[in-house]
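Take the sequence shown: its position 95, counting from 1, is numbered 95 in UniProt numbering, and each next residue is one higher. C-beta atoms are modelled at their ideal positions from N, C-alpha and C, and glycine is treated no differently. To keep things clear, I will list the structure first and then write my remarks on it.
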Amino acid sequence: MKRVALFITCVNDALFPETPKAVVRILERLGYDVDFPTAQTCCGQMHANSGYRRDAATLARAFDDVFGGYDAIVTPSGSCAAMARDQYPHLTGSAIGQRVHELSEFLIDVAGVEDVGAVFPHTVTYHPTCHGTRALGLGDKPLRLLRAVGGIDLIDLPAADQCCGFGGTFALKNSEVSSAMLADKCANAAGTGAEYLAAADNSCLTHIGGGTSRSGGPRPIHYAEILASTA
Numbered sequence: 001m002k003r004v005a006l007f008i009t010c011v012n013d014a015l016f017p018e019t020p021k022a023v024v025r026i027l028e029r030l031g032y033d034v035d036f037p038t039a040q041t042c043c044g045q046m047h048a049n050s051g052y053r054r055d056a057a058t059l060a061r062a063f064d065d066v067f068g069g070y071d072a073i074v075t076p077s078g079s080c081a082a083m084a085r086d087q088y089p090h091l092t093g094s095a096i097g098q099r100v101h102e103l104s105e106f107l108i109d110v111a112g113v114e115d116v117g118a119v120f121p122h123t124v125t126y127h128p129t130c131h132g133t134r135a136l137g138l139g140d141k142p143l144r145l146l147r148a149v150g151g152i153d154l155i156d157l158p159a160a161d162q163c164c165g166f167g168g169t170f171a172l173k174n175s176e177v178s179s180a181m182l183a184d185k186c187a188n189a190a191g192t193g194a195e196y197l198a199a200a201d202n203s204c205l206t207h208i209g210g211g212t213s214r215s216g217g218p219r220p221i222h223y224a225e226i227l228a229s230t231a
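Given below as structure tokens:
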């Protein structure tokens, strides 16, 4: 299989277009043809998590229509991959989520590679996001890919398994608790002295980056952009 579909997600489409571009560079470097179905829309996660299940089901069916012809769908988001895999069966009975792979899952489990030929001569700490860790069970897959990057200096993040406090609408509905969790995450990140903080979800990086921009600390970056770098 050398043809895959790219699901870029709403957050990346609106705010972080360099991340899906990075995914394309990585996959093409490995010999894959990457299709980008332009009819793709939101996965419906925010709707489902906020109780609007009918709207979420409509979006899930649209996802099926757009991506149903592909054997593999790659996304730079553990959060959206988890939505398709865990919630679509309950919303519509669809099993398409089994063909949706977060980037590190695809690279290691499907493509069978850990070294993608990247070079990134910087200090980096890694935050394992909640959906990737708890819903997808990514484990150390993103870290295995990062460890193979040339020139990188990976620094352990204290209390890495603790949530950053974003949680989608949680940060809006429970702002005080969210802010306290964010403060802990930013303090731990700053304590590493790393130049960059990498993660698998730009939604979490937006939250953390907002905190570090005020308090100081590493610059947020999606790990796909590190893997795509060659200098």
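| Item | Value |
| --- | --- |
| Integer-rounded CB distance, given that residue 199 should sit under 8 Å from residue 149 | Contact doesn't hold; Cβ gap of about 15 Å is too wide. |
| Contact under 9 Å by Cβ, residue 84 with residue 106 | no |
| Sequence-distant residues of the same chain with beta carbon closer than 7 Å to residue 39, five excluded per side | 66 |
| Reduced DSSP secondary structure (H/G/I, E/B, other) of residue 198 | strand |
| Proximity below 9 Å, CB of residue 186 to CB of residue 212 | yes |
| Residue interval of the alpha helix (DSSP H) (run including residue 52) | Counting along the chain, residue 52 falls outside any alpha helix (DSSP H), and DSSP gives it neither H nor E. |
| heavy atom of the ligand ADP below 8 Å from residue 4 C-beta | With respect to the ligand ADP, the structure offers nothing, as it holds no ligand at all. |
| Beta-carbon separation (whole angstroms), residue 125 vs residue 80, contact threshold 8 Å | So it is not a contact: roughly 24 Å between Cβ atoms. |
| Complete runs of the alpha helix (DSSP H) confined to the UniProt domain "Cysteine-rich" (124-208) [at least 4 residues] | 141-147, 170-173 and 175-192 |
| Collapsed DSSP secondary structure at residue 109 in the structure displayed | helix |
| Neighbourhood of residue 191 by C-beta, 6 Å cutoff - its chain only, sequence neighbours within 5 removed | none |
| Beta-carbon proximity of residue 120 to residue 208, cut-off 9 Å | no |
| Closest Cα partner of residue 49 within the set 151, 173 and 108 | 173 |
| Three-way DSSP call (helix, strand, coil) for residue 37 in this model | coil |
| Exposure of residue 2, with buried meaning 16 or more beta-carbon neighbours within 10 Å | exposed |
| Runs of beta strand (DSSP E) wholly within the segment 74-121 (minimum 3 residues, chain order) | 100-102 |
| Sub-9 Å separation of residue 132 and residue 142 beta-carbons | yes |
| Residues bridged to residue 6 [DSSP beta-bridge criterion] | 74 |
| Strand pairing of residue 19, partner residues [DSSP] | Residue 19 is not bridged to any residue. |
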